[in-house]
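Student: Please read through the structure below; I'll follow up with questions.
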Amino acid sequence: MKKSLSISEQKLVLMKLRAEYSEYAKKFTVKVFDLEAFEKRLEVAFNNRFDMNRFFFTEISTLEQLKEKMDEKLRDKENPFLAKVDKILEDNVKKIASYPDYDFHSSASYELKKILGALKEFNEKEYLWVEIIFKLENDSFFLKLMHYFHKNLHYLIGETGRSYAPRIEDHVLLLDRPFKDTKKVEIDEKRFIKEIALFLNELKTNLVDILHENKLSYPHKVLPEEKLIHIDDSIKYMTKEKIIKSVINKINIILSDFRIHEFKGPKRTTNRS
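Laid out in structure tokens, this is it:
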């Protein structure tokens, strides 16, 4: 159980966090060590009466992970080859920094929080578009696909009441062990990220196949307005075909930003009835 911070201790922690964000922003880049983004998170936490004790411990943990990662890169830059590798990794950190954190555990890695944040956003936006189109097709082929991908997505990121997704809960069990096995945590984290990559790649493969084989009925029609209540206005005048292409593009961006293109599973084959 973490010791609760007093008001004076919270002020000291806040001063230290601000100082370290400023220091490391000068040393590396503001995009990675973004003090303004931290201040916004602080404001949201304060205005919504979050548990500030938990908030500060989470912020400290996240910042320490970032510092360690960036300091390690700096130490290796004497080697020209490693310097090139570091540049790729640094660019990768900058790319994923724009994604929201899915803050399910203070000890979870920066990359895992970010990719889960990306997947949660995708679930609440682009995947919702896919489900609307699949339902409108009213065909067993699309309904079976929808059921398959919905089940997999729920396993990875779906929340039920106060519970996290089953896959997240599995990872939390490893993080919460009294004598945590760091190696096992790292292996499970990599496996988790790979599972997310496999899901996205498999969904993308099937969407591409649907377009190439002209499986959509009336692909150039826009969606009925009654199906777009509480849905992002950006697809209001888009055809079904354009929406699917937009979802494929979003998947490609996530795969590229997190450098997980290579994890590909088999295409889902569901025959029409």
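Residues 34 to 306 (the working numbering) make up the sequence shown, in order.
Built from N, CA and C at the ideal position, the CB exists for glycine as well.
Source: prediction; values computed, not measured.
Assuming I229 is part of the alpha helix (DSSP H), what are its boundary residues?
Tutor: T215 to H245
Student: Compare the C-alpha of I286 against each of E105, H138 and K237 and name the closest.
Tutor: K237
Student: With a CB to CB cut of under 7 angstroms and the five nearest residues on each side skipped, what residues in its chain are close to I148?
Tutor: I226, I229 and F291
Student: Between the C-alpha atoms of R82 and D242, what's the straight-line distance to the nearest angstrom?
Tutor: 48 angstroms
Student: Exposed or buried, which one is V77 when buried takes at least 16 other CB atoms within 10 Å?
Tutor: exposed
Student: What is the DSSP secondary structure of S306, counted as helix, strand or coil?
Tutor: Residue placement at S306 is poorly supported in this model, since its pLDDT is 44, which falls under 50; the coordinates still yield a value, given next. In the structure shown, S306 sits in coil (DSSP, three-state: anything other than H, G, I, E or B).
Student: Under a three-way DSSP split, which group does S196 fall into?
Tutor: strand
Student: How would you label Y57, buried or exposed, when you count the other beta carbons within 10 angstroms and need 16 or more for buried?
Tutor: buried
Student: Taking just the CA atoms, how far does N234 sit from P252?
Tutor: Between P252 and N234, the C-alpha separation is close to 22 angstroms.
Student: DSSP three-state label for T22, please.
Tutor: Limits of the chain in this structure are 34 at one end and 306 at the other, which puts residue 22 out of reach.
Student: Taking 8 angstroms as the threshold, find out whether the stretch 132 to 143 comes into contact with the stretch 203 to 222 through three or more Cβ pairs.
Tutor: yes
Student: Would you tell me roughly how many angstroms separate the C-alpha atoms of E42 and N239, rounded to the nearest one?
Tutor: 53 angstroms
Student: Check V77 in the structure and name its three-state DSSP category.
Tutor: helix
Student: Indicate the three-state DSSP secondary structure (helix, strand or coil) for V65 in the structure shown.
Tutor: coil
Student: Using 8 angstroms as the Cβ pair cut-off and three pairs as the minimum, do the stretch 152 to 167 and the stretch 271 to 288 touch?
Tutor: yes
Student: Excluding the 5 residues flanking F66 on each side, which residues of the same chain have their C-beta closer than 6 angstroms to its C-beta?
Tutor: Y54, Y57 and A58
Student: Opposite V255 in the DSSP bridges: which residues?
Tutor: T272
Student: Compute the distance between the beta-carbons of F89 and L45, then report whether it is under 8 angstroms.
Tutor: Not a contact, by the Cβ cut-off of 8 angstroms.
Student: Helix or strand or just coil, what does DSSP make of F167?
Tutor: helix
Student: Quick one: Cα of D221 to Cα of A141, how far?
Tutor: 11 angstroms
Student: Going by beta carbon distance, what residues of the same chain come within less than 7 angstroms of T91, once the five residues before and after it are set aside?
Tutor: D136 and S139
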